[in-house]
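Numbering (the working numbering), first residue to last: 605 to 812. Reviewing the structure listed below.
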Amino acid sequence: MFTGIVEELGRVRAINRTRAGILLELQAPTVHSDAKLGDSISVSGVCLSVTGIKKDILSFDVIQETLSRTTLGKLKINDSINLERSLRADSRLGGHFVSGHIDYKGKIIDILRSQEGVGFKIFLPTEFSKFVALKGSITVDGASLTVADLARENFTVYLIPHTLKNTTFENKKRGDVLNIETDILAKYLARGSQKPGLGNLLKKYNYI
Numbered sequence: 605m606f607t608g609i610v611e612e613l614g615r616v617r618a619i620n621r622t623r624a625g626i627l628l629e630l631q632a633p634t635v636h637s638d639a640k641l642g643d644s645i646s647v648s649g650v651c652l653s654v655t656g657i658k659k660d661i662l663s664f665d666v667i668q669e670t671l672s673r674t675t676l677g678k679l680k681i682n683d684s685i686n687l688e689r690s691l692r693a694d695s696r697l698g699g700h701f702v703s704g705h706i707d708y709k710g711k712i713i714d715i716l717r718s719q720e721g722v723g724f725k726i727f728l729p730t731e732f733s734k735f736v737a738l739k740g741s742i743t744v745d746g747a748s749l750t751v752a753d754l755a756r757e758n759f760t761v762y763l764i765p766h767t768l769k770n771t772t773f774e775n776k777k778r779g780d781v782l783n784i785e786t787d788i789l790a791k792y793l794a795r796g797s798q799k800p801g802l803g804n805l806l807k808k809y810n811y812i
């Protein structure tokens with residue numbers, strides 16, 4: 605489990621093809637500092653397990669299904685990537701609960717610039733719209749963001765200058781594709797609403 609607070613911008617140092625997918629090597633001094641084999645790391649929002657450690661390099665085995673369902677299949681050498689270590693029991697929850705399981709790849713429809721920050725309008729498939737709420741949380745490339753605007757087939761998030769500087773969003777452009785994970789709590793509520801007793805209770809208190 606993660607919080608969606610990006611800790612470090614890692615850098616892709618090697619991508620080696622394997623029978624199952626790729627072996628991905630990332631340079632990540634901060635995340636590397638206390639990493640152990642088997643640790644879960646959010647890599648651009650994707651939960652991966654550390655399979656190798658050397659100097660300041662962490663290795664991850666990424667299977668073909670993950671490459672197909674996320675943007676990791678498009679990585680190139682020297683690309684920057686958002687990284688976060690898994691949530692500890694004594695950690696503060698600065699963002700929201702993030703599982704690291706990507707729902708879909710969302711294309712940037714438009715980039716909105718203002719004095720307050722930069723907004724990204726991102727495609728939202730119909731089947732995931734029920735898990736997205738105005739002013740609710742959503743994870744974009746591993747970063748916990750707030751939905752500032754919501755339409756039928758897209759949503760908009762705004763990033764302050766600090767977030768832009770410390771994540772990969774600073775270099776994103778229209779047409780780029782991002783890893784999207786909708787709010788896990790919204791998924792549980794949606795599932796609960798299908799059960800008659802619990803569904804009526806949720807409606808009573810305006811949760812659905």
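For each residue, glycine too, the CB sits at the ideal point set by N, CA and C. If you're wondering where the values come from, they're calculated on a predicted model, not measured in any experiment.
contact_flag[the segment 723-733, the segment 663-681] where n(CB pairs < 8 Å) is 3 or more: Here the segment 723-733 does not lie against the segment 663-681, with fewer than 3 beta-carbon pairs under 8 Å apart.
Beta-carbon separation (whole angstroms), Ser-690 vs Ser-644, contact threshold 8 Å: Position 86 of the sequence shown, counted from the start, is the residue given in the question as residue 690. Position 40 of the sequence shown, counted from the start, is the residue given in the question as residue 644. Yes, they are in contact, since the Cβ atoms of Ser-690 and Ser-644 sit about 4 Å apart, within 8 Å.
Does DSSP put Phe-727 in a helix, in a strand, or in coil? Along the sequence shown, one-based indexing puts residue 727 at 123. In the structure shown, Phe-727 sits in a strand (DSSP, three-state: E or B).
Roughly how many whole angstroms lie between the Cα atoms of Gly-704 and Gln-719? One-based indexing of the sequence shown puts residue 704 at position 100. One-based indexing of the sequence shown puts residue 719 at position 115. Answer to the nearest angstrom: the Cα atoms are 32 Å apart.
Proximity to Leu-641 [Cα-Cα], best of Leu-627, Val-635, Gly-656 and Arg-756: Indexing the sequence shown from 1 puts residue 641 at position 37. That would be Gly-656, whose Cα lies nearest to the Cα of Leu-641.
What does the alpha-carbon distance come out to for the pair Ile-681 and Ser-748? Working through the sequence shown from its first residue, we reach residue 681 at position 77. Working through the sequence shown from its first residue, we reach residue 748 at position 144. Their backbone Cα atoms lie some 26 Å apart in a straight line.
Return yes when the Cβ of Val-761 is within less than 8 Å of the Cβ of Thr-607, no when it is not. For this step, residue 607 is matched to residue 3 along the sequence shown. For this step, residue 761 is matched to residue 157 along the sequence shown. Not in contact: Thr-607 and Val-761 (Cβ atoms no closer than 8 Å).
Which whole-angstrom value describes the C-beta separation of Gly-614 and Ala-632, a residue pair presumed to lie in contact below a C-beta threshold of 8 Å? Counting from one through the sequence shown, the residue named residue 614 turns up at place 10. Counting from one through the sequence shown, the residue named residue 632 turns up at place 28. Correct: roughly 4 Å between the Cβ atoms.
Cross-strand partners of Glu-688 (DSSP beta bridge): Along the sequence shown, one-based indexing puts residue 688 at 84. For Glu-688, which the question treats as bridged, DSSP gives the partners Ser-646.
Under 8 Å by Cβ, that's how I've got Leu-583 and Leu-716 pegged, so tell me the actual separation to the nearest angstrom. Examination of residue 583 is not possible in this model, given that the chain is present from 605 through 812 alone.
Sequence-distant residues of its chain with Cβ nearer than 8 Å to Leu-679 (five each side left out): As a first step, residue 679 is located in the sequence shown; it is residue number 75 there, counting from the start. Result list for Leu-679: Val-616, Ile-619, Leu-628 and Ile-685, in chain order.
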